[in-house]
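For reference, the structure is listed below as structure tokens.
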Amino acid sequence: MPELEAVIGLEVHAQMNTKTKMFCGCDNDAFGKTPNTTVCPICMGFPGTLPVPNKEAIAKAVRASLAIGCAVASECHFDRKHYFYPDLPAGFQISQYDFPLAKGGNVHYDIIDASGNTSEERSCRITRLHMENDAGKLSHYGNSTLCDYNRAGTPLMEIVTEPDLTSAQDAVAFAQELRRILISVGASDADMFKGMMRFDASISLKEKGTKKLNPRSEIKNLNSFKALEKALQFEEKRLRDLWKKDNGPLKNDITVGWLDDEEKTHVLRDKETAGDYRYFPEPDLPPLEFDTKELEKVRTGLPPLPREEKKKLSSLGLTEAEAQQLSADADLRQIFEAVLAKLKDAKRTSGIVITQLQGFLNAAGKTVRQGPGAQAMLDLVEAIENGKISGSKGKDVLEKMVETGKSAPEIIAEEGLEQISDESALETLVEKAIAANPKAVESFKKGKAQALGAIVGWIMKETKGQANPEKVNGILLNKMKAN
Ligand SMILES: [Zn+2]
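Numbering-wise (this note's numbering), the sequence shown opens with residue 72 and increments by one.
As structure tokens, then:
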């Protein structure tokens, strides 16, 4: 039995976050809407209708192509891809076949180990990126099938990789980086929960050290990173067992499905070939042409790649996980930068923005956009910095800000949280504390410096944490020394 290694390639379908569908004016946000309400004769495939390409979708696909290092073709066109299935009312999908939008890219990504640090830097070549429209959604109930065409016509990017991936874990790390890139350039929301990003994964085995690629098994329609990982792990093991049994690789390409509940694949059919789809150029759409100068302008205007951002943030002293989180979320990043500019301390800033703010948002089930913005966070930090409230009270205030949407000054005023910093008020308090804690005073006089802690504690308890601890310490020490 030779030593075998896995060869994996992905086809990634990502829905674009445009206002309208790919070839008609229907609302592209069908989530939670009544079935078959965001449809029209064009996306329902009625005879006699004409598609109109969505400029916004093409612009987003171009941004995505450039961000993954592809060259955008100066000219490309759409093709009809024929297949008969109830989710596709026209009987064909408008896709791109031999002249795709973009070719020849490369995505760099990191393999993260269990402790959250990069253990390996890798890259995966991108074969092509093309545009197409999504199909409708079928739900099966017993012997009946319900069709919802709200999703029919949603703009999709299909991104095809070279077979550069070597394991399930590797494929997931690549797919997650790709997802972050698509989000960062605003091409897709890539919300896995809403099915906005889906994978077909091809896997074959080859003898280690050889170049020859063997027939592959293509796992269709994986909807989550977990499914991608489990399906590839399962199929790799199945192919290894088959190799042992048959003393060699698969005889021909096959297509399999993934059963999420049973955690196994099942053979669907021999793989279709391009001929089965009877591709031909879409006669109702003109070819697309791109100007080199315009493309260069788009490319130079792209934001930095999330991985570069992550490295920059890591160099400030954040953990890789924190850096990853910030680089993947532009809204959170903006807040972080505003607070960092004020505090000039990355660790402290990440404590407030990532640990506290993001933690409270998660607990409240809110997105960053639904929580306090950069200015609201600066108001809070200001109140802590100028001693109006303590850092620990600041945490409570932030929790209320997330819950109620009120500003820090409002909450501090309403709840009477302002720190007592008034000298004469604190002097009176310290005198009371000394009188109430004779034992602690005695130990201090005998040389036990830590006895002061008990007296400060008494004051903090008495004022419900509102006395300014630094000032209390100073006044107390002076009075004790004077005695
Ligand atoms: Zn429509």
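Positions of the beta carbon are idealized from the N, C-alpha and C atoms, including for glycine.
Please read these numbers as outputs of a predicted model, since none were measured by experiment.
Please name the residue, chosen from the options, that lies closest to residue i on a Cα-to-Cα basis.
| i | options | result |
| --- | --- | --- |
| T198 | I230, L548 and N214 | I230 |
| K561 | S259, S478, D219 and D235 | One cannot answer for residue 561 here, as it falls past the ends of the chain, which runs 72 to 554. |
| G266 | S398, A85, T438 and S386 | A85 |
| L172 | C147, A223, L376 and L500 | C147 |
| C141 | V338, D362, R370 and E248 | R370 |
| Q247 | V256, M268 and A258 | M268 |
| K535 | N508, K464, A244 and V512 | K464 |
| E380 | E367, E408, L359 and E365 | E408 |
| V78 | I183, L284, A484 and V424 | L284 |
| T281 | F245, F515 and L75 | L75 |
| S89 | E485, A412, P357 and L227 | The sequence as given places Thr at residue 89; Ser does not occur at that position. Ranking the options by Cα distance to T89, first place goes to L227. |
| G116 | T499, P160, D150 and L253 | P160 |
| E494 | K517, I546 and I139 | I546 |
| H201 | I139, G328, N188 and R349 | I139 |
| L313 | L293, A302, K297 and S288 | S288 |
| G458 | N433, V473 and E489 | E489 |
| I60 | A135, S273 and R311 | The question about residue 60 has no answer here: the residues shown for the chain are numbered 72 through 554. |
| D362 | Y168, K92 and A130 | A130 |
| V256 | G119, G436, P375 and D317 | P375 |
| Y350 | Q167, V327 and L121 | Q167 |
| P73 | A507, K415, K315 and E486 | K315 |
| R151 | V439, F296, G444 and P122 | P122 |
| E541 | G476, G462, I482 and A511 | G462 |
| L249 | P357, D158, L137 and D169 | L137 |
| N292 | F149, L330, C95 and N544 | L330 |
| N177 | A496, R251, T232 and L384 | T232 |
DSSP on residue i, reduced to helix/strand/coil?
| i | result |
| --- | --- |
| M202 | strand |
| P226 | strand |
| G524 | helix |
| I113 | coil |
| A435 | helix |
| F264 | helix |
| Q247 | helix |
| S275 | strand |
| L293 | strand |
| F155 | coil |
| V83 | strand |
| K131 | helix |
| I139 | coil |
| E192 | strand |
| F149 | coil |
| G176 | strand |
| L121 | coil |
| D219 | strand |
| D98 | strand |
| V256 | coil |
| S288 | strand |
| A412 | helix |
| F515 | helix |
| L75 | strand |
| Q167 | coil |
| S238 | coil |
| K301 | helix |
| L321 | coil |
| T420 | helix |
Would you grab the beta carbon distance between residue i and residue j for me? Rounded to a whole angstrom, and I think it's under 8 Å.
| i | j | result |
| --- | --- | --- |
| L305 | K335 | Sequence check: residue 305 is Phe here, not Leu. With 8 Å as the limit, F305 and K335 qualify as a contact, their Cβ atoms being about 6 Å apart. |
| I491 | K550 | Not confirmed; about 17 Å, so no contact. |
| A206 | L299 | The Cβ separation is near 20 Å, so there is no contact. |
| E192 | H179 | 7 Å |
| L387 | Q427 | Wrong, their Cβ atoms sit about 18 Å apart, outside the cutoff. |
| I423 | Q396 | I423 to Q396, Cβ: 14 Å. No contact. |
| Y154 | Y348 | 6 Å |
| G224 | K308 | Rounded, the Cβ-Cβ distance is 39 Å, inconsistent with contact. |
| C195 | F270 | About 13 Å; that fails the 8 Å criterion. |
| F515 | A507 | Not confirmed; about 14 Å, so no contact. |
| N214 | V110 | So it is not a contact: roughly 25 Å between Cβ atoms. |
| A447 | A479 | 7 Å |
| V410 | K437 | No, V410 and K437 are not in contact; Cβ-Cβ is about 18 Å, not under 8 Å. |
| A38 | I526 | The structure shown does not extend to residue 38, since the chain is modelled only from 72 through 554, so no value can be given for it. |
Report the residue ranges of all alpha helix (DSSP H) runs contained in full by the stretch 324 to 409; include only those spanning at least 4 residues, in chain order.
363 to 371, 377 to 385 and 391 to 398
If you measure from each residue's Cβ to the nearest non-hydrogen atom of ligand 1, which ones come out under 6 Å, in chain order?
K92, C95, C97, V110, C111, I113, C114 and G224
Start-end ranges of the alpha helix (DSSP H) lying completely within the stretch 434 to 508, minimum 4 residues:
445 to 456, 462 to 475, 479 to 486 and 494 to 507
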